[in-house]
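Presented below is the structure to which this report refers.
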Amino acid sequence: MKNYQFNLSHPVFAQVARAAAELNLQTYAVGGFVRDQLLGRTCKDIDFVTVSPNSGNQQHGMELAQKTASYISTDLQVNYFKNFGTAQFRWQGYDVEFVGARKESYQRDSRKPIVENGTLQDDQNRRDFTINAMAVSMNAANFGELIDPFDGLEDLEKKLIRTPLDPDVTFSDDPLRMMRAIRFATQLGFTILPETFEAIKRNRERIKIISQERITDELNKIILAAKPSVGFVLLEESGLLEIIFPEFQQLKGVENYEGKGHKDNFFHTLQVLDNITKATNNLWLRWAAVLHDIAKPPTKKFIEGTGWTFHGHEVLGSKWVPKIFGRMKLPMGAEMKFVRKMVYLHLRPIALTKEEITDSALRRLLFEAGDDIESLLSLCEADITSKNREKVKRYLMKFEVVREKLKEVEEKDRVRNFQPPISGEFIMQYFGIKPGKEIGIIKEEIKEAILEGKIRNDIDEALQMMQKLGEKLGLKKM
Ligand code: CTP
Numbered sequence: 423m424k425n426y427q428f429n430l431s432h433p434v435f436a437q438v439a440r441a442a443a444e445l446n447l448q449t450y451a452v453g454g455f456v457r458d459q460l461l462g463r464t465c466k467d468i469d470f471v472t473v474s475p476n477s478g479n480q481q482h483g484m485e486l487a488q489k490t491a492s493y494i495s496t497d498l499q500v501n502y503f504k505n506f507g508t509a510q511f512r513w514q515g516y517d518v519e520f521v522g523a524r525k526e527s528y529q530r531d532s533r534k535p536i537v538e539n540g541t542l543q544d545d546q547n548r549r550d551f552t553i554n555a556m557a558v559s560m561n562a563a564n565f566g567e568l569i570d571p572f573d574g575l576e577d578l579e580k581k582l583i584r585t586p587l588d589p590d591v592t593f594s595d596d597p598l599r600m601m602r603a604i605r606f607a608t609q610l611g612f613t614i615l616p617e618t619f620e621a622i623k624r625n626r627e628r629i630k631i632i633s634q635e636r637i638t639d640e641l642n643k644i645i646l647a648a649k650p651s652v653g654f655v656l657l658e659e660s661g662l663l664e665i666i667f668p669e670f671q672q673l674k675g676v677e678n679y680e681g682k683g684h685k686d687n688f689f690h691t692l693q694v695l696d697n698i699t700k701a702t703n704n705l706w707l708r709w710a711a712v713l714h715d716i717a718k719p720p721t722k723k724f725i726e727g728t729g730w731t732f733h734g735h736e737v738l739g740s741k742w743v744p745k746i747f748g749r750m751k752l753p754m755g756a757e758m759k760f761v762r763k764m765v766y767l768h769l770r771p772i773a774l775t776k777e778e779i780t781d782s783a784l785r786r787l788l789f790e791a792g793d794d795i796e797s798l799l800s801l802c803e804a805d806i807t808s809k810n811r812e813k814v815k816r817y818l819m820k821f822e823v824v825r826e827k828l829k830e831v832e833e834k835d836r837v838r839n840f841q842p843p844i845s846g847e848f849i850m851q852y853f854g855i856k857p858g859k860e861i862g863i864i865k866e867e868i869k870e871a872i873l874e875g876k877i878r879n880d881i882d883e884a885l886q887m888m889q890k891l892g893e894k895l896g897l898k899k900m
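Under our numbering, the sequence shown has 742 at position 320, and the numbering climbs by one with no breaks.
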């Protein structure tokens, strides 16, 4: 990395440099953009910081944005956030933001406006980590030069997360940074410097002053990383997990009774989560992995002759999903319902591998899972964890059989998106009756008969059955 080379070929850089010269403002690209360029990652957010020889940095950020935008196009819309002294526009797929250098902590989404002017060094001081505190000059005298007062470049090489100032100061400026440290460590595969990590432990309670939305945003980024277990282990070790996600903390530990222990559900869940990352980037399926065993602790029982059981944990867990989603400010619509369904059904496909597989059991599963059957199967495959590789292989093979059979049954019976072959309207017309409980009874019995395989999922067989049921209920054809 010593021969770092910035790619400043995007036309925005030339325009910013021109505007900065015109306005006599010292300007730098900073933060995540610089870090990601040095790491060879693409970054579509570019932050510019500007320093004026005179006062009024905050206003100058806006002027610079305006001038740059005016060179690009008269139609380019610049958004101003006066309270924060920032201005932003989107151009050619890039999100470009301008801000005046600050003396105080840099928090993009802090509610308190920050106005005090600072030098470039002040601004870099108040950023979260050395790897995020590097700047690249946009000024004619040294265009493209790296300004790196805290050896962020060296930390990138050493794969180290470290705060520029005393970590107690940096974390107290914005306690969310404790989670950001863990998130960057997880995303980038970096190590948090021990002194920095100790400060997270010391300051962990301060996370309570941070809004749930910001916390959840970081947690989601951890869950979306290639190996989310890294982040959860760090959250646990730092003491943050207990505060932000107590149910997950509760999964930790093994109880022994008469020499028999059970799996540590914390590490098991993390294994499932890491496994599912190979199958999907879908955040909600990953959340289903996070929550699939969440209610194991309160359902745990030791039964003589059987050992440890967690009877009903899938039912209780599914009931917890809306509670946890609500508290975490996660979306309560289709996403929550999907996760709730996954948690509720997560034992079913595995149960099928253990018994004689009947078509009716397969049909019922298809009916309940509907279009989410593939997601459910991925979750269940990820849930097969054991230190014994042979055992895992055996299970996966059996599981393949279930997958095949599900396919066969679906092709034959099409129950995945089950639509009753006979509608309530039709029943009412046929027997000349008004809405009433008979209609529900007939529809339910026909559905059950199809799922049980007593009749086929087709109109003729359903019609015959409807006639018989009608007779039993004392109904006559109109
Ligand atoms: N920053 C900070 N403290 C925060 C948030 C942000 O010091 N709590 C600074 C860092 O210098 C960071 C920059 O603001 O690099 C931009 O923040 P943001 O866009 O939130 O993060 P990125 O570092 O760009 O990373 P990502 O896009 O992955 O969130």
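We put the beta carbon where it would ideally sit given N, CA and C, even for glycine. Just so you know, these numbers come straight off a predicted model, no measurement behind them.
Are residue i and residue j touching if we call contact CB-CB under 8 angstroms?
i, j, result
"K630", "I665", "yes"
"K718", "T638", "no"
"E860", "L895", "yes"
"V521", "F511", "no"
"E519", "D469", "yes"
"T613", "I583", "yes"
"E659", "K674", "no"
"V452", "A557", "yes"
"I779", "K827", "yes"
"L818", "L798", "no"
"G653", "R605", "yes"
"T731", "A648", "no"
"V591", "A523", "no"
"V837", "R878", "no"
"L601", "E640", "At residue 601 the sequence reads Met, which differs from the Leu that was named. Cβ atoms of M601 and E640: closer than 8 angstroms."
Any heavy atom of the ligand CTP within a distance shorter than 7 angstroms of the CB on residue i?
i, result
"D469", "yes"
"G453", "yes"
"G555", "Position check: residue 555 holds Ala in this sequence, whereas Gly was assumed. For the ligand CTP, at least one heavy atom lies less than 7 angstroms from the Cβ of A555."
"D880", "no"
"D550", "yes"
"L646", "no"
"D573", "no"
"R463", "no"
"R628", "no"
"D596", "yes"
"R584", "no"
"R602", "yes"
"R599", "yes"
For the putative contact between residue i and residue j, defined by C-beta atoms under 8 angstroms, what is the C-beta separation to the nearest angstrom?
i, j, result
"I569", "L587", "About 17 angstroms; that fails the 8 angstroms criterion."
"L713", "G739", "6 angstroms"
"L692", "S651", "4 angstroms"
"V694", "D805", "5 angstroms"
"N561", "F593", "Not quite, the Cβ-Cβ distance comes to about 32 angstroms (not below 8 angstroms), so this is no contact."
"F853", "K899", "7 angstroms"
"K682", "G729", "5 angstroms"
"F428", "G566", "6 angstroms"
Starting from the Cα of residue i, find the closest Cα among the options and give me that residue.
i, options, result
"K504", "R636, M484 and K722", "M484"
"Q886", "P857, K856 and I849", "I849"
"R770", "K829, V737 and A509", "V737"
"V824", "I864, D781, G507 and T464", "D781"
"P597", "G755, R628 and V655", "R628"
"I645", "N697, A436, D577 and K813", "N697"
"G862", "F428, V837, M888 and F619", "M888"
"P433", "P843, I494, G683 and K700", "I494"
"L460", "Q481, E576 and P668", "E576"
"A441", "P842, G540 and S492", "S492"
"Q448", "N539, D544, L430 and V473", "V473"
"F689", "Q672, T702 and N703", "Q672"
"N547", "T585, Q851 and N564", "T585"
"T702", "E803, R636, F670 and F724", "E803"
"P744", "H735, G755 and G734", "G755"
"I725", "E680, G540 and M764", "E680"
"E832", "A783, L445, K776 and E777", "A783"
How about residue i: is its C-beta nearer than 8 angstroms to some C-beta of chain B?
i, result
"L895", "The structure shown contains no chain B; it is built from a single protein chain."
Cβ pair count under 8 angstroms reaching 3, the region 545-555 against the region 448-461: yes
At least 3 beta-carbon pairs within less than 8 angstroms: the region 700-720 vs the region 756-766: yes
Touch test, the region 870-889 against the region 776-789, Cβ-Cβ under 8 angstroms, three pairs minimum: yes
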